[in-house]
Amino acid sequence: MRLNYPPNVRIVSVPCTGRVDMIHLLKAIETGADGVYVAGCMEGECHFRNGNIKAKRRVMAVKRILQDVGLEPERVEMFNVSASDGPRFAAIAREMTERIRALGPSPLRGSEECVAWMEAG
């Protein structure tokens, strides 16, 4: 089954969402991503015990940071989805894309800091 999700979605695979650190989410936003979401296993079903709960706490902390600096916290989200539920994953991708489209481009996109980081990378 081929998943149909928006072409602007970039997937970064990690062994567990517990490996996603706040700096990864913040760096994505800082370097011009309009939004970032973490899709992890269902609560209580983490192979690594509580990685998805750690990720959820980190996402919530990043949301607070974004709000503190004047950015919409809705640009970052955590979703729990079963690994076997591809259609739900695709629906989440479409939902998040629509949310970000409604918010508009990140005010950081094209900023001097963003451009310098992209050129250095």
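Here the working numbering is used: the first residue of the sequence shown is 3, the next is one more, and so on.
Note that beta-carbon positions come from the ideal geometry of N, C-alpha and C, so glycine has one too.
These figures come from a predicted structure and were not determined experimentally.
- In this structure the segment 88–108 does not touch the segment 49–64; the number of beta carbon pairs closer than 8 angstroms is below three.
- Within the model, the alpha-carbon separation for E74 versus A95 is close to 18 angstroms.
- The alpha-carbon separation between G53 and V16 amounts to approximately 11 angstroms.
- Taking a 10 Å sphere around the C-beta of E79, we find 16 or more other C-beta atoms and assign the residue as buried.
- Fully contained in the segment 39–79 is no beta strand (DSSP E) run of length 3 or more.
- The criterion of a C-beta distance shorter than 8 angstroms is not satisfied by T19 and V38.
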